[in-house]
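Here the protein sequences come in this chain order: A and B.
Going by my numbering, the first sequence opens with residue 33, and the numbers climb by one from there.
Going by my numbering, the second sequence opens with residue 33, and the numbers climb by one from there.
Backbone N, C-alpha and C define an ideal beta-carbon position, used for all residues, glycine too.
This report refers to the structure that appears directly beneath it.
2 protein chains.
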Amino acid sequence: MINKLTSKIKKTNAPIVVGLDPMLNYVPEHIQKKAYAEYGETLAGAAEAIWQFNKAIIDTTYDLIPAVKPQIAMYEQFGVEGVMAYKKTVDYAKSKDLVIIGDVKRGDIGSTSAAYAVGHLGKVQVGSNTYAGFDEDFATVNPYLGSDGINPFIDVCKEHNKGIFVLVKTSNPSSGEFQDRLVDGKPLYEIVGEQVAKWGEQHMGDEYSYVGAVVGATYPEMGKVLRKVMPKTYILVPGYGAQGGKGADLVHYFNEDGLGAIVNSSRGIIAAYKQEAYAKFGAENFADASRQAVVDMIEDISTAIQNR
Amino acid sequence: MINKLTSKIKKTNAPIVVGLDPMLNYVPEHIQKKAYAEYGETLAGAAEAIWQFNKAIIDTTYDLIPAVKPQIAMYEQFGVEGVMAYKKTVDYAKSKDLVIIGDVKRGDIGSTSAAYAVGHLGKVQVGSNTYAGFDEDFATVNPYLGSDGINPFIDVCKEHNKGIFVLVKTSNPSSGEFQDRLVDGKPLYEIVGEQVAKWGEQHMGDEYSYVGAVVGATYPEMGKVLRKVMPKTYILVPGYGAQGGKGADLVHYFNEDGLGAIVNSSRGIIAAYKQEAYAKFGAENFADASRQAVVDMIEDISTAIQNR
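In structure tokens:
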């Protein structure tokens, strides 16, 4: 799957991923109205609204991008109905040949991580049958529990040609509270990064490992260091756009081959029509605004890489 | 909710929680057969089997215990159908007046943690209505992202009288890989523990905080230290029984008032009938074996506390 991701990034020339993190207030009124007319102002109505919203954005952007990253929290907020919309979104994006990065940030003790890995990336045995539960291509994983929490994911990845991105340095303002603490003079995120590189050696693709890392766009100096600590690791970079990251900040997340990083934008793409720059599209044409925002993001990052 | 938990612990005299972490191989054959007869060997069949298994265990133990802790990974492995069984389990346990600790180990950047908090502990707005998605009473939360990831949970807890347990020192063998790293001579778990105590001051119940901590039974010396670092923090203690923790190891997780900790057992209770000690019950009477295992666990821990 890391090979597919790399090859799709080369083909689209777009090292970006669209974060499908729908809040109801991003969903234009006409879509909400239609969903509520059918299902009422219920959890099922909300789930229908975000699903239709996602579908329209996938339909107008899938030819430009290698991957989407649905953030499962935005679906879990609507309970079981929301989780059903998550699954529909995963399946639909897959039908468009997009790589699916499930932003689930799971991670637990060994036997429990194994269950998460099976549910999101693998197949579960029921009697004499096997089934894929959510069937994303990649999942994000939290490293706080150490190797026991990661290895079950790697085992499932090996079996099913899937991958993970392990949180190393997150994009949020307080990420330094624990991640930046110095251990023998070295920040914890760097120690986690070294471990990610080691875990990655267990499951290498052609050029990069199936074990990737999450490093926020909002900390470019740390990104530069982590790029060197984890040379064969694909870096998933959240925090571009709405959270403040810019293309020029991100050049050092990429290797000299122009690969090695994939930059996520969520709000900046899916709620583009709400920004002044794309207001001309109007709420009716929100998906066209998203397409334009994708084009502009690719241009911003490509230019920055060319000028590095 | 921390007041309810404390009062139920006093009333039952049982500082324990039953972990509802069903693996299919824990579920006796007669239950699996019945579920598959109705739904086939499908995800729906598996979900029905684990739900019937849980229901029987709740029915035979609810009068002895204050709380249950369903581990959502064990349900997510069966995809959407599994998540539906999780929700049924939460609702049913609640109908028996049990406190529900959703072992979900969520945690993300601020806006995303807010969505998780809303989905699991709060209510989401859909048009002019509000709905509780999963509606557990407590959720477990991962601290790796710092205060941004925790505060949205605390906000929702304040609004809806709910609580959280933050991972401090986990029970698994490799938990020390990052958690034990020394920062200025102090292990990271202790720094996280200090922060949990601070977060907890923001939302105090009568005796204890709504912000609890997870500290594994498998590290009793660290539990002793952390008890002192977080005097007003309820400690959720996994790792008893199948993972190796014993009552005598756990006395220092409790305060002098005999409160302040709640010990979880999952496999040791729900799959008791598979152990030699309870084999006499047989698979048909698996739930009675679970009840006996609960009685024995309460005895083990109470005796240890009395003899401290």
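Item                                                                                                                                                                            : Value
Going along the chain, which residues of the region 61-80 of chain A sit with their C-beta nearer than 7 angstroms to a C-beta in chain B?                                      : Tyr68, Glu73, Thr74, Leu75, Gly77 and Ala78
Should methionine 236 of chain A be labelled buried (16 or more other beta-carbon atoms within 10 Å of its own) or exposed?                                                     : exposed
Is the region 204-224 of chain A touching the region 176-186 of chain B, taking contact as three or more C-beta pairs under 8 angstroms?                                        : yes
Does isoleucine 141 of chain A come out as helix, strand or coil in the three-state DSSP assignment?                                                                            : coil
May I ask you to verify whether the region 122-140 of chain B touches the region 81-97 of chain A, counting CB pairs closer than 8 angstroms and requiring at least 3?          : no
Tell me, please, whether the CB atom of isoleucine 223 of chain A is closer than 8 angstroms to any CB atom in chain B?                                                         : yes
Are there three or more Cβ pairs, one per stretch, closer than 8 angstroms when the region 311-328 of chain B is compared with the region 48-67 of chain B?                     : yes
Determine which residues of the region 108-124 of chain A have a Cβ less than 9 angstroms from any Cβ of chain B, and write them out in chain order.                            : Glu108, Gln109, Phe110, Gly111, Val112, Glu113, Gly114, Val115, Met116, Tyr118 and Lys119
Quick check on lysine 66 of chain B: does DSSP put it in helix, strand or coil?                                                                                                 : helix
If you draw a straight line from the C-alpha of asparagine 57 of chain B to the C-alpha of alanine 117 of chain B, how long is it?                                              : 17 angstroms
Residues in the same chain with beta-carbon distance under 6 angstroms from glycine 273 of chain B, minus the five sequence neighbours each way, listed in chain order, please. : Ser297 and Gly300
So asparagine 296 of chain B contacts chain A; which residues on that side make the cut at Cβ distance below 7 angstroms?                                                       : By Cβ distance, chain A contributes nothing, its closest Cβ being about 12 angstroms from asparagine 296 of chain B, past 7 angstroms.
Using a Cβ-Cβ cutoff of 8 angstroms, what residues of the region 201-222 of chain B are near chain A? List them in chain order.                                                 : Thr202, Ser203, Asn204, Pro205, Ser206, Ser207, Gly208, Glu209, Phe210, Gln211, Arg213, Leu214, Val215, Asp216 and Leu220
How would you call serine 241 of chain A, buried or exposed, if buried means at least 16 neighbouring beta carbons within 10 angstroms?                                         : buried
Quick one, which residues of the region 124-149 of chain A are near chain B if we go by CB-CB under 9 angstroms, in chain order?                                                : Asp135, Val136, Lys137, Arg138, Gly139, Asp140, Ile141, Gly142, Ser143, Thr144, Ser145, Ala146, Ala147, Tyr148 and Ala149
Could you give the DSSP three-state label for lysine 87 of chain B: helix, strand or coil?                                                                                      : helix
List the residues of chain B that glutamine 103 of chain A touches, going by C-beta distances under 7 angstroms, in chain order.                                                : Thr144
Using a Cβ-Cβ distance under 8 angstroms, would asparagine 174 of chain B count as near chain A?                                                                                : yes
Less than 7 angstroms between C-beta atoms, sequence neighbours within five positions excluded: which residues of the same chain meet that for proline 270 of chain B?          : Ser203, Val246, Gly248, Ala249 and Asn296
Nearest to glutamine 109 of chain A by CA position, among B:Phe166, B:Ala303 and B:Lys230, is which residue?                                                                    : B:Phe166
Can you tell me whether glutamate 70 of chain A is buried or exposed? The criterion is at least 16 other CB atoms within 10 Å of its CB, across all chains shown.               : exposed
Out of A:Tyr285, A:Thr162 and A:Lys190, which one is the CA nearest neighbour of methionine 33 of chain A?                                                                      : A:Lys190
Can you list the residues of chain B that glycine 159 of chain A reaches, using a CB-CB cut of under 8 angstroms?                                                               : Gln64, Tyr68, Glu73 and Gly77
Considering phenylalanine 185 of chain A, what are the terminal residues of the alpha helix (DSSP H) in which it resides?                                                       : 179-192
When you compare each of A:Tyr251, A:Glu308 and A:Leu282 to phenylalanine 337 of chain A by their alpha carbons, which one comes out closest?                                   : It is worth fixing the name first, because residue 337 of chain A is isoleucine in this sequence and not phenylalanine. Selected option, being the one with the closest Cα: A:Leu282.
Ordered along the chain, which non-local residues of its own chain (more than five positions away) have a Cβ less than 7 angstroms from that of threonine 144 of chain B?       : none
By the DSSP assignment, the beta strand (DSSP E) with leucine 52 of chain A in it spans what residues?                                                                          : 48-52
Quick check: the Cα distance between aspartate 328 of chain A and asparagine 339 of chain A, rounded to an integer number of angstroms?                                         : 16 angstroms
Taking its Cβ as the centre, do 16 or more other Cβ atoms sit within 10 Å of aspartate 332 of chain A, making it buried, or is it exposed?                                      : buried
Below 8 angstroms CB to CB, which residues in the same chain sit around threonine 38 of chain A once its five sequence neighbours on both sides are set aside?                  : Gly237, Asp238, Glu239, Tyr240, Tyr266 and Leu291
Which bits of chain B does leucine 258 of chain A rub up against, with CB to CB less than 7 angstroms?                                                                          : By Cβ distance, chain B contributes nothing, its closest Cβ being about 16 angstroms from leucine 258 of chain A, past 7 angstroms.
Apply the 10 Å Cβ neighbour rule to serine 160 of chain A and answer buried if 16 or more other Cβ atoms are within range, or exposed otherwise.                                : exposed
At 7 angstroms on the CB atoms, spell out the chain B contacts of phenylalanine 197 of chain A, in chain order.                                                                 : Those do not exist, as phenylalanine 197 of chain A stays about 13 angstroms from chain B at its closest Cβ, beyond 7 angstroms.
Once you ignore the five residues that flank tyrosine 310 of chain B on each side, which residues in its own chain have a CB closer than 7 angstroms to its CB?                 : Ala304, Ala321, Gln324 and Ala325
Give me the Cα-Cα distance between glycine 255 of chain A and alanine 67 of chain A, rounded to the nearest whole angstrom.                                                     : 42 angstroms
Could you check if lysine 101 of chain A is buried or exposed, using at least 16 other CB atoms within 10 Å of its CB as the buried criterion?                                  : buried
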